[in-house]
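In our numbering, the protein residues as written are 4 to 563. The beta-carbon is built from N, C-alpha and C at its ideal position, and this holds for glycine as well. Bear in mind that the values here come from a model prediction, so they are computed numbers and not experimental data.
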């Protein structure tokens, strides 16, 4: 018997205590005199084909990646210059100390390195990430595409079109290649990706890239046709996120992002203070930020703010006041937020000010203190996405000296927050008889918003929510004066294949439909006659088949 034959018996044993999995692997590795302990990926690759489905859930190695019910695929655009120049703190870009890397990145972020390995080709990057999800044992039928690399909307129309096309074609081609009669063909997958084998082999990587580049130009369609194809694909794009700046996030860019299938915008407002924005050469003022937020909201997007404590001309008092303003001032009110403390990168204008003693960067403790101080002010409708850049600290010259700033904040100051992330299920069991709908109404960007949440009140747990808006401006023909916008519908649960009858996850308890029904009721009560939903391309069929919506322009709509 071999190690792999022995380990399959363990995996099939329903009485086995999986908390002892690592210990058991070590025992068997010693038994068979293995030099290294096989990873879960190795075990998955060596399983007989008919055993994969039986045990893959036990080999799921990164549950937090898909705990929200959707699997993220972050891809990077090619290095390019920002039209306005560079912000004084901005690393990366053309001719940076790290070479030509995407604007505002160092080249050492996981997504950047993946982009570099794949020549920043969207098609190759998506295929590569999907391959990894298969090897990690994840479900990957519902994908959120996250486009990183700077101000995407400032790139040429031709570049944007080709990049978006590559994204959708990759998901569709992956589906066609590896699914047969709704079943994933794992043996075919292993043959295509030359597995099992050396995961870090340059020869293997070159061979796979050659196969993909041969596939990419076949059966060329338009972006719109690939999106239609994706509606019925096994790997569906249920959400798509684009990064931009407020001055490149106005009506023209918003309409184009809608056409591209975007549902969320990462908006770098960075500060609420005009003197700070001017000092760091941001290229826009706070009025432009406010206008961009309003336009994007009235088009239906959900918005994730990027905000930078510790910028020049700020101190603790000013930073805390500015961050609190995001939640007290109706012109802001972020759906999601990332706090990125200002860091000093080699070769930037801010670096030279720092070396001259003209700028003192924020320390780890000071950053933690400022952000933790505003935590109680963060509203329940907002989700804190990050509190630090995903870059190893050794690549910064000064500033916060740890990447686990959130953990440090919690240990040092305590995180007292009731934001969405703090109350997500994260794998906990829901007390279904204690679930209630709660509605929060508030003013945002000149009009009325409703945050409708399904909550397990016995555990202060949010299991799903819907963002409903009555637009201030009617910026498209589909959004009529009697319309209400649904900017987001989200239900939490571990990512599970659509139609999986054995699943007991939250998403299949019908809470999506219940949240939509409540949004429709509220809209009717306020005299609205039409619901307009911004929908990911891969979710259109859900709205059509389950809820009676139909496609109108980039939206799914329904008369009520």
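Buried/exposed call for residue i, threshold 16 Cβ in 10 Å
i           : result
residue 22  : exposed
residue 147 : buried
residue 107 : buried
residue 185 : exposed
residue 141 : buried
residue 477 : exposed
residue 223 : exposed
residue 237 : buried
residue 162 : exposed
residue 309 : buried
residue 564 : Because the chain in this structure spans residues 4 to 563, residue 564 falls outside the shown range and cannot be described.
residue 34  : exposed
residue 445 : exposed
residue 4   : exposed
residue 428 : buried
residue 303 : buried
residue 270 : buried
residue 498 : Legend: pLDDT at residue 498 = 43, less than 50; position of this residue unreliable, no value from coordinates given.
residue 606 : Any property of residue 606 remains undetermined from this structure, which presents the chain solely from 4 to 563.
residue 247 : buried
residue 112 : buried
residue 257 : buried
residue 12  : exposed
residue 174 : buried
Residue of the options minimising C-alpha distance to residue i
i           : options            : result
residue 367 : 168, 462, 220, 414 : 414
residue 244 : 205, 339, 111      : 339
residue 203 : 261, 230, 219, 135 : 135
residue 403 : 417, 365, 432, 539 : 365
residue 417 : 198, 78, 371       : 371
residue 2   : 298, 494, 424, 249 : Residue 2 is absent from the structure shown; the chain starts at 4 and stops at 563.
residue 423 : 383, 534, 430      : 383
residue 260 : 292, 242, 116      : 242
residue 557 : 481, 494, 276, 360 : 481
residue 490 : 320, 210, 337      : 337
residue 332 : 358, 296, 314, 233 : 296
residue 159 : 143, 210, 240, 251 : 251
Anticipated Cβ contact below 8 Å, residue i with residue j, distance rounded
i           : j           : result
residue 254 : residue 164 : The Cβ separation is near 19 Å, so there is no contact.
residue 305 : residue 267 : 5 Å
residue 93  : residue 351 : 6 Å
residue 274 : residue 325 : 6 Å
residue 58  : residue 14  : 4 Å
residue 172 : residue 73  : 20 Å between Cβ atoms; not a contact.
residue 95  : residue 110 : 7 Å
residue 442 : residue 453 : 6 Å
residue 583 : residue 419 : Nothing can be reported for residue 583, as the shown portion of the chain is limited to 4 through 563.
residue 149 : residue 77  : 4 Å
residue 526 : residue 559 : Actually they are not in contact, since the Cβ atoms of residue 526 and residue 559 sit about 15 Å apart, beyond 8 Å.
residue 519 : residue 488 : Contact doesn't hold; Cβ gap of about 13 Å is too wide.
residue 323 : residue 377 : 6 Å
residue 9   : residue 31  : 5 Å
Same chain, Cβ closer than 7 Å to residue i, five either side skipped, listed in chain order
i           : result
residue 554 : 543
residue 374 : 312, 342, 390, 412
residue 85  : 106, 153, 154, 157
residue 218 : 176
residue 484 : 477
residue 230 : 171, 264, 540
residue 516 : 549, 550
residue 123 : 79, 80, 81
residue 67  : Caution is warranted here: a pLDDT of 49 is assigned to residue 67, below 50, making its placement in the model unreliable, and the coordinate value is therefore given only provisionally. Here the set comprises nothing.
Contacts around residue i, its chain only, beta-carbon distance under 8 Å, and the 5 residues preceding and following it disregarded
i           : result
residue 551 : 561
residue 281 : 288
residue 278 : 316
residue 167 : 125, 226, 263, 264
residue 121 : 127, 128, 131, 212
residue 439 : 457, 458, 460
residue 214 : 195
Own chain residues within Cβ distance below 6 Å of residue i, not counting five before or after
i           : result
residue 547 : none
residue 392 : 343
residue 346 : 399, 402
residue 198 : 48
residue 116 : none
Can you check the segment 335 to 359 for any alpha helix (DSSP H) of at least 4 residues that lies completely inside it and give the ranges in chain order? 352 to 358
What alpha helix (DSSP H) runs, 4 residues minimum, are completely inside the segment 389 to 457? Entirely contained in the segment 389 to 457, the alpha helix (DSSP H) runs reaching 4 residues are, in chain order, 408 to 415.
Contained beta strand (DSSP E) runs [length at least 3] in the segment 501 to 555, N- to C-terminal order: 533 to 537, 553 to 555
Which ranges would you report for the beta strand (DSSP E) in the segment 71 to 140 if only whole runs of at least 3 residues count? Restricting attention to beta strand (DSSP E) runs no shorter than 3 residues, the segment 71 to 140 encloses them at 74 to 79, 96 to 99, 102 to 104, ordered along the chain.
Could I get the ranges of all uninterrupted beta strand (DSSP E) runs contained in the segment 187 to 262, with 3 residues as the minimum, in chain order? Counting only runs of at least 3 residues, the segment 187 to 262 fully encloses the following beta strand (DSSP E) elements, listed from N- to C-terminal order: 239 to 247.
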